[in-house]
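Numbering (the numbering used here), first residue to last: 1410 to 1620.
Glycine included, C-beta positions come from ideal geometry on N, C-alpha and C.
This one's a predicted model, so the numbers in the text were calculated from it and none came from an experiment.
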Amino acid sequence: MNDILTVGLVGVGRLGSAVGQLVAEAGHRLLVADRPGSRVFRSVVETLLPAADAVPLADVVERADVVILALPQPALADLDLARARGVLLDATNAWEHTDGPDSIHRMDPLAWTERVPGVPVVKSLNHAGYGELLMDARPAGAPGRRAFAVAGDDGAAVDLVASLVDSMGFDAVPTSAADAPLLEPDGAVFGRRFDEAGLREALPHAAARVG
């Protein structure tokens, strides 16, 4: 049984809304980074994420066990994440047609983390469309359950995010940060459905399954 976590969500667009719904349905406490004065933000939270508490970004960063980043990648440059007490889960992607050819980690999906020394960062939930998240979530043990990679080099952080991903309805496959580029657009994993065994085959650095 997965522990109940305090999960922070930064970004409540299509991806963030889908992720937030799955987090809330799994029974976790959900905090969303407030956008005071934004009618769109208020409407999304009240309609799709009624269980969430809207709080300032600083509160999300300082209170959450896992902070999920689900916003356009260039926006990461403007976020103050250095005081995060938990894990940063980077669910962003580089989109050249919208973000430009110099998206901040086009070549290295975790390069921006140099700005948050000491804060563990894990890449996951970015290699499927937001609609697929809601459609493909299944209980643990369901035949053909979809798998998601959890890429990072901090073992404890990867394990925590893997537990969260499992609670949201997906098998989690821990792997090294070296495999993070495979999860991005044009990567070998992006946009493809895998079960756990298939995803392990596709990830060169996937951790050995335990149990």
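If you draw a straight line from the Cα of A1571 to the Cα of D1595, it comes to about 24 Å. The residues A1597, V1598 and F1603, in chain order, have a CB closer than 7 Å to that of A1611 in the same chain once the five nearest residues on each side in sequence are set aside. Membership of F1579 in any beta strand (DSSP E) is not indicated, and neither H nor E is assigned to it by DSSP. R1438 carries a strand assignment under DSSP once its states are collapsed to helix, strand and coil.
Contact between S1585 and D1563 does not hold, since their C-beta atoms are separated by about 11 Å, which reaches or exceeds 8 Å.
Selection F1579, G1527, L1569 and P1526 evaluated against D1545 yields F1579 as nearest (Cα-Cα). Classified as buried, E1593 has 16 or more neighbouring CB atoms from the shown chains inside 10 Å of its CB. When the beta-carbon positions are compared, V1496 and V1528 come within less than 9 Å of each other. Between E1605 and R1554, the CB-CB gap stays under 9 Å. F1557 sits in a strand when the DSSP states are folded into three classes. Straight through space, the alpha carbons of N1502 and H1437 are spaced by roughly 25 Å.
In this structure, the straight-line span from the alpha carbon of T1415 to that of G1538 is close to 24 Å. For A1616, same chain residues with a beta-carbon under 6 Å away, outside a window of 5 residues either side, are P1583 in chain order.
Relative to the Cα of V1470, the nearest Cα in the group G1446, L1498 and S1452 belongs to L1498.
A Cβ-Cβ distance of about 5 Å is found for the pair V1453 and V1421, placing them in contact under the 8 Å criterion.
By the beta-carbon neighbour count (other beta carbons within 10 angstroms, threshold 16), G1417 is buried. A1615: not part of any beta strand (DSSP E); DSSP gives it neither H nor E. Annotation: the continuous alpha helix (DSSP H) that includes G1540 extends over Y1539 to D1545.
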